[in-house]
Amino acid sequence: MVRNVVPISPAGPILQVVTSGHNPSGLRSSIPFTPSTTSVPLRRRGLEPAMKAMDELEGLIGLRRVKDLIFEVAAFCQVQRYRERAGLKVENPILHMVFKGNPGTGKTTVARIMGRIFKELGVLEIGHVVEVERADLVGEYIGHTAQKTREQIRKALGGILFIDEAYSLARGGEKDFGRECIDCLVKAMEDHGRETVFILAGYPSEMEMFLQMNPGLRSRFPIQLEFPDYTVEELLAIARVMFKDRDYYMTSDAAEVLGAILRERAAREAVPSNARLVRNIVEKAMRRQAVRLVKRGTFGRQELVTIGPEEILEAASGA
């Protein structure tokens with residue numbers, strides 16, 4: 000019978016489990032454990048090997064529910080390792096996922112970070128992400144699709160196969176080779192499901208319809224993540240981060256102009272462009288600033304880093 004657990008000490012790497020009486024489970028008296036320190040946030044304690052990637056995930060703007068679910072999955076995987084060391088029964092979770100979200104909501108970015116998290120936790124051997132779409136998987140004649148699909152699966156072994164706009168595999172009717180691709184993916188999930196993570200990604204409504212048309216797939220992808228559209232405030236924060244990462248600074252006037260542009264776009268776009276639009280504006284604004292400085296001929300350090308409202312307006316006109 001387990002009476003208590005001695006608190007983990009930073010000086011000792013062993014979590015002691017004190018037992019007394021009969022021990023039917025065969026629980027060992029000590030479990031190898033990486034100690035946490037008080038400087039580690041509580042929600043990430045026990046995930047120290049993946050701390051850098053977890054911090055990067057946490058640093059993304061928005062996506063609160065996505066972050067929480069990934070932390071839940073990572074924590075479960077890590078605890079299974081502790082259970083194995085303790086001689087307890089272990090669950091090997093199926094980690095195949097569906098990412099539902101409009102363009103620019105961070106699906107690919109999250110997949111890349113998640114690959115690193117799973118590698119550091121020992122869930123995946125390599126943790127790389129192979130990003131594919133229909134053209135990379137579906138062939139033009141009998142047998143070609145299986146060949147192309149198997150090649151992409153081979154590249155992804157030990158990591159993540161990220162299939163963007165996965166619903167396009169089901170388009171084209173019964174004679175379309177997309178069905179052959181789906182069959183190959185299902186077979187690969189059976190053969191390599193414990194060493195490779197498969198992610199289907201795309202627009203929310205299309206992905207839901209795709210799963211309804213292929214009921215056998217839904218049960219094979221037990222983890223579904225919803226990537227919501229960003230608010231205008233979140234998009235402004237993303238723009239500031241993008242500029243900062245490139246050693247630029249967006250003035251308050253420029254931020255006001257960008258906010259007005261984003262609100263106007265959100266009101267008229269049927270499908271929001273989200274961070275994709277922001278990235279396009281940021282990159283074009285930097286180019287417009289460069290043109291302005293070169294034409295001026297003389298400028299200092301402050302001018303080199305400053306993005307003003309005129310650059311934002313010019314950038315948005317063609318974004």
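When we follow numbering that gives the first Met the number 0, the leftmost residue of the sequence shown carries the number 0, and every step to the right adds one.
The beta-carbon is built from N, C-alpha and C at its ideal position, and this holds for glycine as well.
**Assumed close pair Ile-159, Ala-110 - CB separation to whole angstroms, cut-off 8 Å** = 6 Å
**Item:** C-alpha distance - Leu-156 paired with Ala-52, whole-angstrom precision
**Value:** 21 Å
**Spatial distance of Val-185 from Leu-216 (CA atoms)** = 8 Å
**Prompt:** Helix, strand or coil: how does DSSP classify Glu-90 here?
**Reply:** Coil at Glu-90, not helix or strand.
**Item:** Supposed close pair Ile-69, Met-113 - CB separation, criterion 8 Å
**Value:** 6 Å
**Request:** Mark Asn-91 as exposed unless 16 or more other C-beta atoms lie within 10 angstroms of its C-beta, in which case mark it buried.
**Result:** exposed
**Prompt:** What does DSSP give as the partner residues of Ala-200 in its beta bridges?
**Reply:** Phe-98, Asp-163
**Request:** Please report the residue range of the beta strand (DSSP E) in which Ile-125 lies.
**Result:** Counting along the chain, Ile-125 falls outside any beta strand (DSSP E), and DSSP gives it neither H nor E.
**Item:** Own chain partners of Gly-204 with C-beta closer than 8 Å, once the 5 adjacent residues on each side are dropped
**Value:** Gly is not the amino acid found at residue 204; the sequence shown has Ser there. Closer than 8 Å at the Cβ level, and outside the excluded window around Ser-204, lies no residue.
**Inter-residue CB distance, Gln-151 and Gly-138 (contact presumed, cutoff 8 Å)** = Between Gln-151 and Gly-138 a beta carbon distance of about 12 Å is seen, past the 8 Å cut, so the two are scored as non-contacting.
**Request:** Return the chain-ordered list of same chain residues with a C-beta closer than 8 Å to the C-beta of Met-208, the five sequence neighbours on each side being excluded.
**Result:** Tyr-166, listed in sequence order.
**Request:** For the region 114 to 155, list the alpha helix (DSSP H) runs that are entirely contained and at least 4 residues long, ordered along the chain.
**Result:** 133 to 136, 143 to 155
**Item:** Outcome for Arg-245 when other beta-carbon atoms lying within 10 angstroms are tallied against a minimum of 16
**Value:** When all chains shown are included, Arg-245 counts as exposed.
**Message:** Mapping the DSSP letters down to three states, classify Leu-276 as helix, strand or coil.
**Reply:** helix
**Message:** Could you pull the DSSP bridge partners for Leu-224 from this structure?
**Reply:** Under DSSP, the beta-bridge partners assigned to Leu-224 are Phe-98.
**Request:** If I'm right that Pro-102 touches Arg-287 with Cβ under 8 Å, what's the distance once you round it to whole angstroms?
**Result:** Actually they do not touch by this definition, with Cβ atoms about 24 Å apart.
**Prompt:** Touching or not, the region 238 to 256 and the region 301 to 310, by the rule of three or more beta carbon pairs under 8 Å?
**Reply:** Contact check between the region 238 to 256 and the region 301 to 310: three or more CB pairs, one atom from each, fall below 8 Å, which counts as touching.
**Nonlocal neighbours in the same chain, by C-beta distance under 8 Å from Glu-263, ignoring five residues either side** = Here the set comprises nothing.
**Prompt:** Alpha carbon to alpha carbon, how far is Phe-197 from Leu-224?
**Reply:** 13 Å
**Request:** Have a look at Leu-46, Arg-178, Thr-148, Ile-125 and flag the residue whose alpha-carbon is nearest the alpha-carbon of Ala-187.
**Result:** When C-alpha distances from Ala-187 are compared across Leu-46, Arg-178, Thr-148, Ile-125, the shortest belongs to Thr-148.
**Item:** Buried or exposed by the 16-neighbour rule on C-beta atoms within 10 Å, applied to Phe-75
**Value:** That one is exposed.
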